[in-house]
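The working numbering puts the sequence shown at residues 612 to 817.
For every residue, glycine included, the Cβ atom is placed at its ideal position computed from N, Cα and C.
Report on the structure given below.
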Amino acid sequence: FSADSLSGMLRVSSKGRVRLGTNEPSAKSNERPEMRVELNYDFSIGRYEIRCDEFNAVMNPLTGLLLKCGNSKIPATDLTFYDAVLFANERSKSEGFDTAYTYVRAQFDDEKHCTSLEGFVFRPEANAYRLPTEAEWTLVASANWNSTEGWVAENSEYRLHEGCGKIGKDSKVCDMLGNALEWVNDWNGGFRDTILTNYVGAPDGG
């Protein structure tokens, strides 16, 4: 990990191999077999989970969605995958970058959550904010998996906490373990007993 020119981000040198899935016979069928992924590119990742106030500042003017957080510094939760996609696109545009996601039309529910993006396409080659792939997330998490540095059942009082509250090191990604659950970019697809390079997930949800 190294400093990044983007605010709140770290740069990851990812030349290495990660394992997705497992060969454990007791695992669910969609978690088997183990698949190995080799990554040979650098990427950026947020040092902490997107805060509620950061999310609302972008999404409320764009779509009308306003998350109710209590504490504005806790991670943004109760949002759809497509909410996260629209947030990433809008942050990219606000900072003069390309967008990683394209679509034809968005659909929203009564609470202004995005429930579908018709014609949705992920463009991994774009220089843009986006969700991490499962392989990227796993690579970063494996380097930061320490239960003493995360908000878990034993210390969280079963509530959300401000990001990076357990560690103060600027060189580490916070809360990969514990606090809020995180979206990754991949569709839920099957694994294969093989080695892939720079895997970005299944092409669609089918």
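Spatial neighbours of G619 in its own chain (CB-CB distance under 8 Å, excluding positions within 5 residues in sequence) are listed in chain order as G657, R658 and Y659. When C-alpha distances from F692 are compared across N755, W798 and K626, the shortest belongs to W798. In this structure, Y714 lies near F731, with their beta-carbon atoms less than 9 Å apart. A straight-line Cα-Cα distance of about 10 Å links S655 and S613. Here L788 really is in contact with N757; their C-beta atoms are around 7 Å apart, less than 8 Å.
The beta carbon of K684 sits closer than 8 Å to those of R662, C663, D664, E773 and G774, all from its chain and outside the five residues before and after it, given in chain order. DSSP places E645 outside both helix and strand once states are collapsed to three, so it counts as coil.
Beta-carbon to beta-carbon, N809 and N651 are separated by about 7 Å, close enough to satisfy the 8 Å threshold. According to the DSSP assignment, T749 belongs to the alpha helix (DSSP H) that extends over E745 to A754.
P743 is classed as buried because its beta carbon has at least 16 other beta carbons within 10 Å across all chains shown. Taken in chain order, the complete beta strand (DSSP E) segments of 3 residues or longer contained in the stretch 616-700 are 620-624, 627-631, 646-650 and 653-657.
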